[in-house]
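Enquirer: In mature numbering (1 follows the signal peptide of the UniProt record, and there is no 0), the protein residues as written are -21 to -1, 1 to 323.
1. Quick one: give me the first and last residue of the beta strand (DSSP E) that residue 313 is part of.
2. Let me know if residue 73 comes out buried or exposed under the rule of 16 or more other beta-carbons within 10 Å of its beta-carbon.
3. So residue 246 and residue 33 are supposed to be a Cβ contact under 8 angstroms. How far apart are they, rounded?
4. Along the chain, where does the beta strand (DSSP E) that runs through residue 273 open and close?
5. Kindly indicate which three-state DSSP category residue 33 falls into: helix, strand or coil?
6. Among all the DSSP beta bridges, which residues are the ones paired with residue 299?
7. For residue 309 and residue 203, I'd like the C-alpha separation in whole angstroms.
8. Could you tell me the distance, in whole angstroms, from the CA atom of residue 15 to the CA atom of residue 281?
9. Ignore the nearest five residues each way along the sequence and tell me which others in residue 315's own chain have a CB closer than 6 angstroms to its CB.
10. Do you know how far the Cα of residue 322 is from the Cα of residue -19?
11. Just the Cα atoms here: how many angstroms apart are residue 177 and residue 224?
12. Taking its Cβ as the centre, do 16 or more other Cβ atoms sit within 10 Å of residue 135, making it buried, or is it exposed?
13. Determine, using beta carbons only, whether residue 277 and residue 102 come nearer to each other than 7 angstroms.
14. From which residue to which residue does the alpha helix (DSSP H) around residue 67 run?
15. From this set, 62, 283, 235, 275, which residue's C-alpha is nearest residue 116's C-alpha?
16. Is the beta carbon of residue 123 less than 7 angstroms from the beta carbon of residue 104?
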């Protein structure tokens, strides 16, 4: 494990707990014995959009960090229903909870979620609001990773890969997540920007495939293209799950993977695939950092402190916008076979 990850975990254990109350009716929870000075306040609600491999890792990391701080995370799963998220936040606010964490179903609905939270502090995690002006460091903040950099790391890797082969023109297959999500838009744009910046002329081998970040969907959607003999130089997926679906599709149709397939998130399965060579690279998105950061940011807002107090390794946004002090960035990190052991 990288030194900075170890330091982050140690720092989290040293922080004191703010005043966080919970709301009932959880769909799942992580219980722990309290080590906090106020044992009457043990719960913090996490309203999640739905579960996939990465989001489950984030949820578990959040629960683990919360346990060290003396309280438990109570998770409400909206099952991709934006209206349910609003209802859950209203219930929490009406019950007197001081803060909640939300991983949004619909980034366009951020203002409705802020309205539902009322006077309760609200932390958006992982998926930023489409309109960042809803953020206010005193009451509403965002903790996550800058998606402008995730796809760019993919593009930088691929650009160097093809330059080393003496190739400046390529055709690619793009497998995208859910259309309209900020992560999908920025991850897709970032890789193409990196191609442009590094002198690679990249054209689509086919229209992008929209697989909604789902492994079986990606496997099913790309298989006809592979079977038809479509010519391409690489496969670019917006996350590891879809990249691994493409790997499985190649195996299904008997294609040797002698071209790069790249993903994002560095899930357990993604890291294993990089080590084995079926994925050329991935980009680490830090669920421990995001989960831990969301919990600490909630406490900081309650206590009137800077959003990233106690986790200064996660810098505040430096764009100079009105919402800059409301965003704590948890860095993405490129992962290849050379360094994948640090992430396993």
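Beta carbons: idealized from backbone N, C-alpha and C, even for Gly. Everything numeric in this text was worked out from a predicted model, so none of it was measured.
Expert: Taking the coordinates as given:
1. 312 to 315
2. exposed
3. 6 angstroms
4. Here residue 273 belongs to no beta strand (DSSP E); instead the alpha helix (DSSP H) covers 266 to 282.
5. helix
6. Residue 299 pairs with nothing; no bridge assigned.
7. 37 angstroms
8. Confidence in residue 15 is poor, its pLDDT being 37 and thus under 50, which makes the residue's placement unreliable; the coordinate value appears in the next sentence. Cα-Cα distance, rounded: 16 angstroms.
9. 260
10. The pLDDT assigned to residue -19 is 37, lower than 50, so where the model puts this residue is not dependable; a value taken from the coordinates is nonetheless given after this. One C-alpha to the other measures close to 11 angstroms.
11. 28 angstroms
12. buried
13. yes
14. 61 to 73
15. 283
16. yes
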